[in-house]
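Residue numbers (our numbering): 1 to 157.
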């Protein structure tokens, strides 16, 4: 081998080594940025969930108060309309919890924080006798809520 060939081989090896180092550096930097982006997206999703649940809860409470304030002199039709609106508000609230639980099950939010924030609320929903019709295990539209509840509360696991 000539000096020129040896020199070319050394330069090529150094270029390869530098390329590997730069690739590793940028891969790590990219992974860090991706992790930060994922945490930001989780935070956004958690805020949206909280707002959705809060909005539907407020609407449900507003209609509950309205229904309770109706006197006996109000027509049956008006009572029926307010009752239907209240049922719709309850279902909207349950839909908010269903969506939140689906995100939990899909690992799109911080599971530990979600459990800490919503365990009591979800337990209260499932154990509320007034909501039994919504949580029949065979016919319920709220499978994610049921699944999360069973995951957290089933002591036989």
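Note that beta-carbon positions come from the ideal geometry of N, C-alpha and C, so glycine has one too. Here the structure is a predicted model, which is why all the values come from computation and not from measurement.
In this structure, 98 is the residue among 98, 66, 134 with its C-alpha nearest to the C-alpha of residue 49. For residue 43, same chain residues with a beta-carbon under 8 Å away, outside a window of 5 residues either side, do not exist. In the displayed model, residue 142 falls within coil according to three-state DSSP, outside both helix and strand. In the structure shown, the three-state DSSP call for residue 55 is helix.
A buried status is given to residue 148, since no fewer than 16 other beta-carbon atoms sit within 10 Å of its beta-carbon. Comparing alpha-carbon positions, the option among 67, 19, 59, 140 lying closest to residue 89 turns out to be 59. With fewer than 16 other beta carbons inside 10 angstroms of its own, residue 155 counts as exposed.
Residue 74 sits in coil when the DSSP states are folded into three classes, being neither helix nor strand. For residue 24, the three-state secondary structure derived from DSSP is helix. In this chain, the alpha helix (DSSP H) harbouring residue 111 covers 111-127. The way I'd put it, the stretch 92-107 does touch the stretch 133-144; three or more beta-carbon pairs between them come closer than 8 Å. In the structure shown, residue 108 adopts coil according to DSSP, grouped into three states. In the assembly as shown, residue 100 is a buried residue. Its beta-carbon has 16 or more other beta-carbons within 10 Å.
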